[in-house]
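Keeping their order, the protein sequence lines are chains A and B.
Under the working numbering, residues 12 to 291 are what the first sequence spells out, in order.
Under the working numbering, residues 4 to 93 are what the second sequence spells out, in order.
Don't be surprised by glycine CBs; every beta carbon is placed ideally from N, CA and C.
Just so you know, these numbers come straight off a predicted model, no measurement behind them.
Below is one structure, written out as structure tokens; the observations come after it.
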Amino acid sequence: MSTALVTTEWALAHLDDAKVVFIEVDEDTSIYETNHIRKAIRLDWREDLQDKVRRDFVNAEQFSELLSSRGIKNDDTVVLYGGNNNWFAAYAYWYFKLYGHQDVRLLDGGRKKWELDGLELVSEVPARAATTYVAKAQDLSLRAFRDEVVSSIGAKNLVDVRSPDEYAGRLKAPAHLPQEGGQIAGHVPTAINIPWSKAANEDGTFKSADDLKKLYADAGFDFNKETIAYCRIGERSAHSWFVLHELLGLSKVKNYDGSWTEYGSLVGVPVAVGDAPGNV
Amino acid sequence: MANEVDPALLLTQAIIEGRVCLGENPATGYARLHDAGGDFVAEVPLNANGQYRFFARPATWTVKVLVPGKSAEKQVVVQSVGATKLEFSL
Chain A
12 MSTALVTTEW
22 ALAHLDDAKV
32 VFIEVDEDTS
42 IYETNHIRKA
52 IRLDWREDLQ
62 DKVRRDFVNA
72 EQFSELLSSR
82 GIKNDDTVVL
92 YGGNNNWFAA
102 YAYWYFKLYG
112 HQDVRLLDGG
122 RKKWELDGLE
132 LVSEVPARAA
142 TTYVAKAQDL
152 SLRAFRDEVV
162 SSIGAKNLVD
172 VRSPDEYAGR
182 LKAPAHLPQE
192 GGQIAGHVPT
202 AINIPWSKAA
212 NEDGTFKSAD
222 DLKKLYADAG
232 FDFNKETIAY
242 CRIGERSAHS
252 WFVLHELLGL
262 SKVKNYDGSW
272 TEYGSLVGVP
282 VAVGDAPGNV
Chain B
4 MANEVDPALL
14 LTQAIIEGRV
24 CLGENPATGY
34 ARLHDAGGDF
44 VAEVPLNANG
54 QYRFFARPAT
64 WTVKVLVPGK
74 SAEKQVVVQS
84 VGATKLEFSL
């Protein structure tokens with residue numbers, strides 16, 4: 012198994028390791044308050060990781076201040092987990108990599124497997140002494156922006172990891188969310204649809220590397236091309252980015268965090284609807 | 004998940020919702036939505052009352068619930084917008 016991924020057994024053996032910091036990141040940020048893995052702290056993907064004014068991430072200085080205030084050191088092993096099959100934990104994983112954290116890992120199966128296995132969850136919030144964390148500049152080899160997506164149509168692997176109904180334009184959002192949003196529906200022309208969920212087992216763990224390779228190959232993915240993954244806001248595609256970049260070891264894979272909420276609101280860009288990728 | 008659906012959503016969206024009980028008590032676990040082809044579409048944790056809710060479209064859907072040590076699934080044909088109830092007793 013990739014060192015980027017740790018098992019529940021590994022986690023249980025390292026809960027009291029002073030150099031390992033467990034961090035829960037959920038779509039529903041209130042879940043942590045109910046309970047969480049012992050000694051785990053929380054990051055709020057919206058309050059902590061997004062700029063308060065612009066649609067963008069906090070900058071390196073702000074990220075440094077955030078991690079310093081949460082008691083995380085540059086040489087700590089950060090283990091991320093969360094609900095929704097690790098969507099937002101994978102997003103945070105990609106975010107930590109973006110800012111150059113050396114040793115970051117994802118708990119396979121996340122919160123769901125932990126719960127279904129009946130493992131201990133507690134409500135006590137751990138106290139961690141402040142540190143002096145220094146983030147690196149963003150590694151933009153991991154992050155795609157809209158202009159690169161437009162210029163990649165018909166050239167790079169564009170992977171739309173949303174559900175088939177969202178890809179085709181029959182839904183505008185995942186089915187556990189109200190179908191709101193002013194943007195149009197559809198997908199980026201020539202993008203292939205490989206739903207993130209096909210990479211996960213029912214308990215939230217990732218499928219084997221061989222199964223993942225076959226999944227992507229069968230969907231028409233070209234392993235020799237550069238890749239941009241996207242979804243609606245970049246969290247499900249972080250899950251797929253993790254599969255491609257961390258589990259399958261592909262080096263030229265970017266996550267487009269603007270994703271469909273940005274692309275589907277742009278004026279003048281090409282859009283495809285229906286179940287087929289569409290043409291250039 | 005709110006206990007009541009915004010009435011405006013009932014006029015425009017096909018909502019699949021229900022409660023999962025373990026004996027007399029609300030269950031702790033997850034509800035998963037699959038489309039007519041069996042493909043996974045969405046998942047939500049059950050709330051404190053054992054309830055789940057999906058926003059979908061008129062079609063044939065399967066809801067599968069996972070609780071520690073148990074699972075169950077039911078199919079439902081949603082023919083129009085509005086709320087469709089699908090309850091589970093495990």
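G129 (chain A) burial status per 10 Å Cβ neighbour count (16 or more: buried):
Exposed: under 16 other Cβ atoms inside 10 Å.
Specify, as a first and last residue, the run of the alpha helix (DSSP H) that W125 (chain A) falls within. Per DSSP, the unbroken alpha helix (DSSP H) holding W125 (chain A) starts and ends at 121-127.
(Q) Quick test of your reading: I205 (chain A) and R139 (chain A), contact by CB under 8 Å. State the CB separation rounded to the nearest angstrom. (A) With a Cβ gap of about 38 Å, I205 (chain A) and R139 (chain A) do not count as contacting.
The region 82-91 of chain A in contact with the region 26-36 of chain A per 3-pair CB rule at 8 Å
Under the 8 Å Cβ criterion, the region 82-91 of chain A counts as touching the region 26-36 of chain A, having at least three qualifying pairs.
* **Within chain B, the residues that G94 (chain A) reaches when beta carbons sit closer than 8 Å** => Neighbours of G94 (chain A) on chain B, chain order: P48.
Chain A contacts made by the region 71-87 of chain B, where a contact means CB separation under 7 Å = Of all residues in the region 71-87 of chain B, only P71 come within less than 7 Å of chain A when Cβ atoms are compared, listed by chain position.
* Quick one: what's got a C-beta closer than 7 Å to R4 (chain A)'s C-beta in the same chain, skipping five residues either side? -> The requested residue 4 (chain A) does not occur in the structure, where chain A is confined to residues 12 to 291.
- request: Give the interface partners of P185 (chain A) over in chain B, defined as CB-CB distance under 7 Å, in chain order.
  value: Near P185 (chain A) (Cβ distances below 7 Å), the residues of chain B are A45.
task = Pull out every residue of the region 54-71 of chain B whose Cβ sits closer than 7 Å to any Cβ of chain A, in chain order.
result = Contacts with chain A (Cβ-Cβ distance below 7 Å) from the region 54-71 of chain B involve F57, F58, A59, R60, L69, P71, listed in chain order.
Tell me where the alpha helix (DSSP H) around A249 (chain A) begins and ends. Per DSSP, A249 (chain A) belongs to the alpha helix (DSSP H) from 247-252.
- For F99 (chain A), the first and last residue of its enclosing alpha helix (DSSP H): Segment 98-109, the alpha helix (DSSP H) holding F99 (chain A).
- Item | In DSSP terms, what I244 (chain A) is bridged to | BP columns for I244 (chain A) are empty, so no partner.
Q) Between which two residues does the beta strand (DSSP E) carrying Y92 (chain A) extend? A) Unbroken beta strand (DSSP E) run through Y92 (chain A): 88-92.
* Asked: Counting contacts by CB-CB distance shorter than 7 Å, is S174 (chain A) in contact with chain B?
  -> Taking a beta-carbon distance threshold of 7 Å, S174 (chain A) counts as an interface residue toward chain B.
* Asked: Roughly how many angstroms separate the alpha carbons of E135 (chain A) and S41 (chain A), rounded to a whole number?
  -> The alpha-carbon atoms of E135 (chain A) and S41 (chain A) are separated by roughly 14 Å.
In this structure, what does DSSP give as the bridge partners for K225 (chain A)? When DSSP reads this structure, K225 (chain A) sits in no beta bridge, so it has no partner.
Query raised in the report: Exposed or buried, what is T238 (chain A) when buried is set at 16 or more other beta-carbons lying within 10 Å of its beta-carbon?
Result: It counts as buried.
- Going along chain B in order, which residues have a C-beta closer than 7 Å to the C-beta of L78 (chain A)? Ordered by position in chain B, no residue passes the 7 Å Cβ test against L78 (chain A), which lies about 28 Å from the chain.
Check: When the cut-off is 7 Å and only beta carbons count, does S292 (chain A) lie next to chain B?
Finding: There is no way to answer for residue 292 (chain A), as the model of chain A reaches only from 12 to 291.
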